[in-house]
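Chemist:
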Amino acid sequence: MELNVSTASQGGHAVVTATGELDLYTAPRLQAALAGLLRDQADHIVVDLSGVEFCDSTGMNVLLAAMKRLKEQGGSLELAAPRPAVKRILQVTGLDTVFTVTEAAPVLDAG
């Protein structure tokens with residue numbers, strides 16, 4: 001399965017939308033998108049997981065590393081709308097207490 005990643009930015013806020021499976025083979029795509037936003041000095045990144053059907057430890061590590069770097073820059077990372085399978089991984093690993101997780105998919109203002 002593929003992983004499609006798209007980003008949208010507005011001011012210092014950015015939304016990363018991932019769809020598909022986030023695993024050892026596809027995680028570099030998400031990592032590259034997040035690294036680009038970090039370079040662009042985004043101060044708040046929301047990762048929309050509503051289209052992610054599977055996420056393994058590699059995917060979680062990419063999200064953790066991005067959150068750590070963003071916090072070091074004074075920013076924040078939020079996970080939005082994880083599907084039940086991804087939510088279960090967050091709960092089993094205890095990462096649901098590390099990440100800010102919201103139920104609703106993110107919306108950037110149209111202007």
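Going by UniProt numbering, the first residue of the sequence shown is number 1, and it counts up by one from there.
Beta carbons: idealized from backbone N, C-alpha and C, even for Gly.
Since the model is a prediction, treat every value here as computed from it, not as a measurement.
When the distance is taken between beta carbons, is residue 52 closer than 8 Å to residue 34?
Modeler: No; because the gap between Cβ atoms is not below 8 Å, this pair is not in contact.
Chemist: Please indicate yes or no: does the CB of residue 63 lie closer than 7 Å to some heavy atom of the ligand SAH?
Modeler: Because no ligand of any kind appears in the structure shown, any question about the ligand SAH cannot be addressed here.
Chemist: CA-CA distance, residue 19 and residue 80?
Modeler: 13 Å
Chemist: Might you give, ordered along the chain, the residues of its own chain that have their beta carbon closer than 6 Å to the beta carbon of residue 47, omitting 5 neighbours on each side?
Modeler: Cβ within range, chain order: 16, 79.
Chemist: What's the gap between the Cα of residue 85 and the Cα of residue 56?
Modeler: 10 Å
Chemist: When DSSP labels each residue in this structure, what does residue 97 get in the three-state scheme?
Modeler: helix
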